[in-house]
Amino acid sequence: MLRQHLTIEEYTKEIGEAVSARLSTSLPAAWEVPDTLRQAMEYSLMAGGKRLRPLLVVAAAEALGGNREAALSVACAVEMIHTYSLIHDDLPALDNDDFRRGKPTNHKVFGEAMAILAGDGLLTHAFYSVVQASREYGVPATAALSIVEELSRYAGPGGMVGGQVADMQGEQGVTDLNQLRYIHAHKTGDLIVFSAKAGGHLAAGSPEQLEALERYGRALGQAFQIQDDILDLIGDESKLGKKTQSDVKQQKVTYPYFIGIEASRSEVDRLTREAKEAVQDGKVPNPQRLVEIADMLLRRDH
Ligand code: GRG
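Under the UniProt record's numbering, the first residue of the sequence shown carries the number 1, and numbering increases by one thereafter.
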């Protein structure tokens with residue numbers, strides 16, 4: 001089937017499978033890595049997940065006429081960083097979760113020490129994967145350098161890690177919506193912004209195109225997190241029953257907590273429109289998939 005005839009669900013599936021296939025061969029060779037470490041890294045990396053960030057890297061690159069094979073290496077890099085963050089977030093010292101992606105969390109299977117090291121391994125190997133985009137798939141070194149720079153920036157202390165720390169410190173009481181927006185922008189939004197922009201760098205995008213992709217990623221990231229809060233609340237309510245709904249709202253300081261569920265839904269709609277408009281103003285030559293992804297996220301139920 002011709003690529004342009006794929007529905008967005010088929011396109012998403014095609015890229016998800018290509019990412020999983022590339023990830024399954026992207027870790028260092030068996031003889032280079034201790035067996036248990038490799039198993040622990042692969043356990044979480046191959047446990048499923050929506051592969052949203054890799055999808056955005058590829059779709060943004062293709063929106064500017066970039067090459068999919070090269071984009072897949074960077075798509076794998078961002079999925080490695082995302083997976084490391086989930087492994088570490090689930091640890092007893094942080095969220096202390098038992099399940100992730102429908103399976104027992106990494107530390108439940110491999111123990112805490114190995115889970116920390118599996119996360120460290122994925123974080124480090126992500127940068128190797130970006131360099132491979134240059135060495136094996138012809139991405140110019142200057143583009144690879146920009147991608148490495150932005151991956152460090154958006155995933156690091158001023159990005160996702162900083163957002164996680166703000167979230168942790170805010171657990172004692174996030175008192176206003178601006179504080180929550182800061183947490184969302186960094187903890188969730190920054191990797192999404194990175195993904196869209198990285199696609200732009202891969203396709204040698206102009207500063208205006210990179211700016212459009214940044215605005216797209218920023219609005220999409222916010223919409224994604226608010227939608228996540230709504231889905232979480234609905235899930236909790238159906239698990240707990242109506243009697244305890246107000247307890248749930250009191251425990252979790254989220255978007256619906258501040259402005260209610262209906263206003264949160266409207267905010268997701270507004271941000272989705274904003275994301276689409278950012279790439280529909282003529283600067284991005286082929287924005288269709290990016291637009292369809294924004295609409296698809298609006299329809300998601302998990
Ligand atoms: C430990 C440095 C460090 C950071 C942790 C990602 C994160 C930051 C925490 C995970 C908890 C959480 C709910 C974060 C908000 C972002 C989010 C919705 C993550 C889940 O992303 P999905 O839904 O996950 O894309 P899958 O499994 O589908 O890839």
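Here a beta-carbon is modelled for each residue, glycine too, at the ideal position from N, C-alpha and C.
query = Rounded to the nearest angstrom, how far is the Cβ of Phe127 from that of Tyr154, given a contact under 8 Å?
reply = Contact doesn't hold; Cβ gap of about 13 Å is too wide.
ask   = Are Met160 and His125 touching if we call contact CB-CB under 8 Å?
value = For Met160 and His125, no; Cβs fall outside 8 Å.
request  = Decide if the segment 195–203 is in contact with the segment 171–187; the criterion is three or more beta carbon pairs, one per stretch, under 8 Å apart.
outcome  = no
message = Is Asp98 a contact residue of the ligand GRG, with contact defined as CB to any heavy atom under 7 Å?
response = no
ask   = Contact check, Ala196 vs Leu23 under 8 Å by CB: the rounded distance?
value = Not quite, the Cβ-Cβ distance comes to about 20 Å (not below 8 Å), so this is no contact.
message = Looking at the ligand GRG, does it come within less than 7 Å of Gly158, judged from the CB to the closest heavy atom?
response = no
request  = Please classify Asp247: is it buried, with 16 or more other beta-carbons within 10 angstroms of its beta-carbon, or exposed?
outcome  = Annotation note: pLDDT 47 at Asp247 (below 50); position unreliable, coordinate value reported separately. That one is exposed.
ask   = For residue 342, which residues of its own chain have a beta-carbon under 8 Å away from its beta-carbon, when the five flanking residues on both sides are left out?
value = Here the chain covers residues 1 to 302 and nothing more, so residue 342 does not appear.
message = In whole angstroms, give me the CA-to-CA distance for Ala93 and Gln288.
response = 42 Å
key: Local conformation of Pro104 per DSSP, three classes   = strand
request  = Pull up the distance between the alpha-carbon of Lys242 and that of Arg300, whole angstroms please.
outcome  = Bear in mind that a pLDDT of 49 at Lys242, under 50, signals an unreliable position, so the number given afterwards is only what the model happens to contain. Lys242 and Arg300: Cα-Cα distance of roughly 23 Å.
key: Validate contact between the segment 212–231 and the segment 268–279 using beta carbons, cut 8 Å, 3 pairs   = yes
task = Go ahead and label Ile116 buried or exposed: buried means 16 or more other beta carbons lie within 10 angstroms of its beta carbon, across all protein chains shown.
result = buried
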